[in-house]
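Protein chains in written order, with the numbering used here: chain A, 1 to 568; chain B, 1001 to 1350; chain C, 2001 to 2314.
Glycine residues also receive a C-beta, built at the ideal position from the N, C-alpha and C atoms.
Keep in mind the model is a prediction, meaning the values are calculated, not measured.
Here's the structure, in C-alpha cells; my notes come after.
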Amino acid sequence: MKKLCVAIALGCAAIMALAGCGAKDNRTSHSVDDLKKNYDFQWTDTSKPILNKDGAKDITFTVFSSKNASALEYGAMDIMDTLFEDTNVNVLWKQVSESVYGEQKTLTLGNHTGIDAIYHAGLSSNEITTYGVKRHNLLAIDEYLDYMPTFKSILEKREDIKKQITSTDGHIYALPRVEEMGLLQNPNLLFLNKAWTEAAIDGGVNIGITKDAVKNGLELNADQMEKLLTYFKNNDMNGNGKKNDERPLNFVWGNWQGNQCDLFGMFGINDNTEHRIIKDGQVTYTVLDDAYKDACNYINGWLENGLIEEESLDISQDTFLSKGKSNPDELYGAFYWWESKTVVTDESHYICCKPLKGPQEAYGGKYKNCQTVCVSNNPEISTGELVFFKGAPNIEVLLAYFDRYYLPEISAQINYGPIGIAFEEEKENGMLVPKDPPAGKTADELRLQNAPLGICYLTAEQWGKTVQMEERAQVRLDRLKLYATPYYDHDKIKPIPNLQFSQEELSTLSRYQTATDNYLRENVLKWIRKGVSDSDWTTHKNKAVTAAVGIKEVTAVYQAAYNRYLGK
Amino acid sequence: MESNSYQDGQVLESEEQAVPASEAESEPNAVQAEKPSFKVRVNELMKRIKYSNFGRNFRKNWTYLLFLIPAVVVTFIFAYIPMYGLLIAFQDFVPGDNILNGAWIGFDNFTEFFENYVFWDLMGNTFLLCILGFIIGFPLPILVAVMLHTTKNKKITKFLQTVFNGPHFISLVVLVGMLYLFFGRYGLVNNIIESAGGERYMFFLEKGAFRPMYILSSNWQDFGWSSIIYIAALSGVEQSQHEAAQIDGASRVQRILHVDIPAIMPIISVMLIMSIGGLMGVGYEKVLLLQTDGNIGVSEIIATYVYKQGIQNARAGYATAVGLFNSVINLVLLIIANTASKRFSENSLF
Amino acid sequence: MENDPVLENEVPSAPAPATKRKKVKETRGDRAYYIITYIILGLLALIVLYPLWFVIIASFSSADAVLAGRVYLWPVEIDFSGYAKCFERSDIWIGYANTIWYTLAYTVLSVGFTLAAAWALSRKTLPFRKFFMIFFTITMFFGGGLIPFYNVVSDLGMLNTPWAIILPGTVSAWNLFMAKTFFQTGVPDTIVEAAELDGANRARLFVSIIVPISAPIIAVLTLYYAIGQWNSYFNAMIFLTDSNLYPLQLVLKEILTSAESTVGGSGETMLEQFRLANQLKYVTVIVSSLPVFCLYPFVQKYFAQGVLVGSLKD
C-alpha cells in the first residue's frame, strides 16, 4: 500500500512538472528603432499606415476575443479590412462565442502563451486590480501612451475618464469603451394612460385638472395620483367586462431601468437599486435617511390598496413587456419604463409625466414640494474592455493600431457597422447617417453581424457632428431633458463613477458587501410589502451600522476611493 | 433455495465480513522484518508474503486486477492528477500563478470563511435545504419503482416509466421559467387557489415558499430518472420467492415488505450511503435562478455565496477553500453513514 | 381469480409465472393496494404530463401569449419561428452528428470500463479491494478545479479533439458502486466457482457468462451514461474552440445566446429578439431531447430480463 502511494505521488509530481511548462512563444520581438528602420513604423500621423508592406507580412498579432454568435468572424468584417489596409498591422483574431467566454477567459488569463491581448475582455475593476496591480500580468498601458496619440489626447481632455481607468498604483491596465449618450443616469420615466385619465376626470375624480391638461409633461402629486389609480382599480377601464384585470401602477422591481426607485422621489430621495449615491460629496446609503421610512410606509399603502400591481414585485422584464403588448385589452394604467414604445401596443395612448410630487398633507406636509428622480450608478464608460499581456512582442505597434479605434469615424463604424452597410456618408459635411437595412433584415441583425463593438469613443460632441444618433435614442434623450434631468441638483447629487479600489479595500468589500447587499435586498422589499414600524426602523438604523451588516465598512471604502477619484 | 427464499438479500450482503483481514495487516508486518542482511531480509519477506493468506489469495486472484486497469487509469489521469489544484485553497491564488509555487497563506481562506458573519446563516440554509430535499427525494424513487413494479398491466407500467423520465430532459432555464409561469401571481396555481376561494399567494417573495418550491420541483424533475436503478433491481427478484410467499398466503403488501424490499435492500443501502455523502453538494444554478429579494434570507447557500465570491470577485483560492470544506463535510457524512449502515444492516459501501 | 379480465387480456406475452399466480386468490387488502397504487401513479402522471405537454405547446405558441399566461391546454397564436431559427442553421445538423458520435463512443467506453471494474470490485477476493474502493470514493468528493483539469487535457494533446469530450468522464464512482452492488447481490460465488472448476479463465467467464446475465444493470448504465453525455456541454465549452466539433447542446446554447443579445436598435427589433429567445428555450428542449426520449422504450425492455440471474442459480 505504501509503495503504491509513493508511486502515485511520483506520478503526480512528474505530470505536474510537465503541466508547468507550456508551449514556447516563438514570435520575434523588435526594438522600436528596428521597427522604424525595417518596417517604417510610425504612429504620429493617424491618416498614414503604421507599418509598411513588409511589416504586414512579418509581424502578426494574436488577439483573443469573445464574439456574438451572430457576428461574422472579425477577420471577415469590412471594418477590419479597412483598418488593415490603412495601417498594415496584421491582427489575427482568436475568437470564441460569448456563451463559452466566461470559462475561456479564466483559462486564457491563466495561460496566455501566444496571445497578445484580450478584446471584449469584460474585466471587472476587481479583476483588473488582481491581474494588473497584484500580479503584474497585464501591460501598464500608461507607459506607452506616446504610441497612442488619439487616446492620449482624449485622456488630456477628459481628466474624469483618466481617473476612472487608473488603478490605485497609478497605472492604466485596460482600455475603456466610452459611449456617452446621456441615457443611463436617470433610468425611469413615468407613463400614464391618457384615455383612462380622461375617463377618470369624466367619471368625477377631482384632481384639479381638466382633460386638456392630460398631455405630455403632466405634473401630478401623490394625492392626485392616488385618486387616479384608485379609479383605475375600481373601474372597468379597458371595457372588456372584467373589473379586476386593470393594473393601476406598474414597474419591474430591482430592474436596471423601469424600477421602483422613482417612487422614492416623492419623498425627496434619489434612490437607486444599490441604494448608494454621492450626496454633497459623501457616499451615502439612502436607506439610512428617515424619509426612507415614510416613503416605504406610503408606498406600502398603495401596494396594500392594490394601486400598485403586486406582480410588479416579482415580474420579469420579459413578462412585463408581454403583458403590456400581447393582451387585446390595455392593462397598464401607469408604468415606469425606459420608453413606452416597447411596452404597449399603441404608444400614443400614453403620456409621459413629470416626476410625482410628494403627498400634500400627509406627514404634516413635510414632503409636499419633494419631486425628484432615481439617479443610477450605471456608468457610460466601461473600464475593462481591452487588456494587453505584459511581455507581448512589438506591443508598441499593436497599441498604435488600437489607438485608431478611438478616431471618431472608426469608433462609429466599430460600434454600429461599416460605411456602406450601416452608414452613409453625407456629402457636404462628412457626417455618418444611419442607413436603412435591406429588406428582411433588422437594424439590430445588421449591426450584430457587421460591427465588432468594443473599444470606442463616442461622446456628446460627436453626436450630430460625426454620427447621427439613432431615432429611438433621440426620443428618449428629449424626454429625459424635459422630465428627469431638471429634477435634481446636479452639484449636490452625483452618481458613483467607476471607482478603483486597492487590494485591501477589495478584501474589505468581499468581506462585507454580500452581507450588506443581502440585508438591503431583503429588508427594503419587506418594508414595501409589510410597512415599517418606528421600532423596526430604530432597530434597522442601529443594526445597519454594525459589522454584521457592514454598511459602515462598505461606505468607508467607497468614500476613500471616491476621494481619490476627486483627487483629494 | 428454500432456506433463503425470504432473506435472500441478507445472505448476500453479509459477505463484507468475509473479506480476509489479512490484506490490511500483511504489509505492515512485512515492512517490520528484522535486521539481518539484505538478501536474507528479502527472501524472508518474499516467503512471508508467499505463504500468508494475502499471498495465497493474491496468486489466485491477481487477474481480477486486470479488470480494474482501464477504470483506474482513467480515474487517475482525469481525477487524481488535477487534484493538485486543491492546493490553491491554501493560497492567495490568481489564474496564471504556478500552483505548486503559489502565494501560500495557510488556512487564511478557511478562517475568513468561518469568521464571516454570514457563515452560520449559510450553513443553516444549506443544511436545511439539503436535508429536506433528501428526506423527500430519497424514498420517492423507491416508492415509485415499487408501485410501477407491482402494477398488473405491464403496458401501463412501461408507459408511465417513459413518462416519468420526461422531466429529466427539461433544461434548467425552462424548468425555472415554467415555475415562474405556473406559480406567478396570475399563474395556473394562483388561479386555482383563487377560484377555490383563497387569496393569491406570492410564491417567489415569501420565504416559506422557497424550500418547498425548490425541493418539489427538483424531485419532480428527477424521481422517474432515479427510480430506473430500483426498477432494474426489482426485475431481478425471483418469481419463485413470490410464488412461495403467495402459497403461504402473503398479501401483496406483505410480499413487497418481505420479498421485494429485502431483495433490493443492498442497492437501497448503497444509494442511501452515497446520497448522504452527497448531501451538501447542492449546486448554485437553480438556487440562483429562484433567488429573489423576498427569499434571499433562506436562499443564500454556500454554493451561491461561493459563486458570488469566486466568479464575481475573482477569488479562486477562497472559492476552492469553501468547496473543500464542503467536500470534507460530505466525506465525513459518508463515513458516518457507511459505518452506521454496516453496524445496523450489514450493508455497506466498503 | 378475480383479476380484471381486460387487464389480463392486455398482457398476451406475460411470462409463465403470471399464469401460476392465478391460482392464488386476490384478497381485499390487495385490491385496496392496487387501487391506491393506481390513484397515486395516475396523479403523478398528471403532474408530470401537464408540464411536458406545456413545453411542447409553448414551443410553437407565440412567446407573448406564453409569458402573459394565456397558454393553458392548447397552443395559442401558433408560431414556428423558434423552430425555423433553429433549423435554418446548418450547424445544428453538425451538432447532432457530433453528439451522436460522442455519445456512442463515450457510452461504449464508460459501460465497458465500469462493468469490468465493478465486476472486479464485487469479488471479495480481489487483492487491495479496500484500497480501490477508497480510490474511487475519493473522486466523489474531491476535484482539482478547472485550471488543473484543463492543463491535464491540454498536456495530453487532446484540446480541440473529440477525446477531450469522450475520455475524461468515462468512469463515475456513483455508477461504478451501483454496478458493483448489482454484481454482489445478483451473481453468487457458486457460479464463479463452478465456472472456474470447468477451467474457464476469468476473462472468458466475464464475457460469456457475467455480461449476458447482467442486462438490467447494463441497460441502466447505458441509460445513465448516454443521457449524461447527450445533455452535457461543459467539457465542450472549455476544451473545444473549433465550432465544427461542437455537440448539439452547445450549438443550441449558442443559438439561444445569439437570440438573447440585443444592441439597441429599434424597440420593435428588441421585442422580436426577446420573443424569439423565450420561444427558443422551449424549442431547444424539444429539439435536443425528443430523439433520445423516443429511444427509451427500446432500452427499457432489457430491465425485465433480470430474472435470468435467478434461473441460473438453480
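Report all residues from its chain with a CB closer than 8 Å to the CB of B/V1031; omit the five preceding and five following residues, and keep chain order.
With a pLDDT of only 46 at B/V1031, under 50, the local geometry of the prediction cannot be trusted, and no value is derived from it.
Beta carbon proximity, A/T286 to chain B, threshold 9 Å:
no
What's the gap between the Cα of A/E424 and the Cα of B/L1188?
51 Å
DSSP three-state assignment for B/I1247, whether helix, strand or coil:
helix
Spell out whether any CB of chain A is found under 9 Å from the CB atom of B/F1090.
no
Confirm, please, whether the CB-CB distance from B/T1126 to B/M1280 is below 9 Å.
yes
Under 7 Å from the C-beta of C/Y2282: neighbouring residues of chain B:
V1174
Buried/exposed call for A/K492, threshold 16 Cβ in 10 Å
exposed
Could you have a look at C/C2086 and say whether DSSP puts it in helix, strand or coil?
helix
Threshold first: 4 residues or longer. Then list the alpha helix (DSSP H) segments lying entirely within the segment 66-141 of chain A, N to C.
78-87, 98-110 and 125-128
Going by DSSP, what residues sit across from B/P1095 in a beta bridge?
B/D1097
Figure out for me which residue from A/A412, A/N563, A/L525 and A/E339 has the closest Cα to the Cα of A/R476.
A/E339
Any beta carbon of chain B sitting closer than 9 Å to that of A/N221?
no
Option nearest A/R247 by Cα separation, candidates A/K233, A/G254, A/G258 and A/N255:
A/K233
Do A/A56 and A/F84 come within 9 Å of each other at the CB atom, strictly closer than that value?
yes
Taking a Cβ distance cut-off of 9 Å, strictly less, list which residues of the segment 1305-1320 of chain B are near chain A, in chain order.
Y1305, K1308, Q1309, I1311, Q1312, N1313, A1314, R1315, A1316 and Y1318
Along chain C, in chain order, which residues have C-beta atoms closer than 8 Å to that of A/L107?
L2146, I2147, Y2150 and I2238
Alpha carbon of A/K24 to alpha carbon of A/S65, nearest angstrom:
Any reading at A/K24 must be qualified, since the residue scores a pLDDT of 47, below 50, and its modelled position is unreliable; the value itself is stated next. Taking the straight line from one Cα to the other gives about 21 Å.
Would you decide whether A/N369 is buried or exposed? Buried here means 16 or more other CB atoms lie within 10 Å of its CB.
exposed
Proximity test, Cβ basis, 9 Å: A/V96 and chain C
yes
Please classify A/K357: does DSSP put it in a helix, a strand, or coil?
strand
Whole angstroms are fine: how far does the CA of C/I2238 sit from the CA of A/D34?
39 Å
Comparing the C-beta of B/I1041 with each C-beta of chain A, is any distance below 9 Å?
Residue 1041 of chain B is actually Arg in this sequence, not Ile. False, the Cβ-Cβ gap to chain A never drops below 9 Å.
Report the residues of the segment 1241-1255 of chain B with a CB closer than 8 Å to any CB of chain C, ordered along the chain.
H1242, E1243, Q1246, I1247, S1251, R1252 and V1253
Enumerate in chain order the residues of its own chain whose CB-to-CB distance from A/I299 is below 6 Å, with the five nearest sequence positions on each side excluded.
L263 and I528
Would you mind telling me which residues of chain A sit closer than 8 Å to C/Q1972, beta carbon to beta carbon, in chain order?
Chain C is shown from 2001 up to 2314; residue 1972 of chain C falls before or after that span and cannot be answered.
Report back the beta-carbon spacing between C/C2086 and C/V2287 to the nearest angstrom; my notes put them in contact at under 8 Å.
6 Å
Starting from the Cα of C/I2166, find the closest Cα among C/N2235, C/D2091 and C/F2142 and give me that residue.
C/N2235
Below 8 Å between beta carbons is the criterion; list the residues of the segment 1104-1126 of chain B that meet it against any residue of chain A, in chain order.
E1112, N1116, Y1117 and V1118
Rounding to the nearest angstrom, what Cα-Cα distance links A/E461 and A/M469 in this structure?
12 Å
Report the residues of the segment 1187-1209 of chain B with a CB closer than 7 Å to any CB of chain A, ordered along the chain.
M1202, F1204 and L1205
Distance, Cα to Cα, A/S411 vs B/S1226?
55 Å
For C/V2207, count neighbouring C-beta atoms within 10 Å of its own C-beta (all shown protein chains included) and say buried if the count is 16 or more, exposed if not.
exposed
Report all residues from its chain with a CB closer than 6 Å to the CB of B/N1338; omit the five preceding and five following residues, and keep chain order.
I1273, S1348 and L1349
Does the count of Cβ pairs from the segment 129-149 of chain A and the segment 500-520 of chain A closer than 8 Å reach three?
yes
In this structure, does DSSP put A/R247 in helix, strand or coil?
strand
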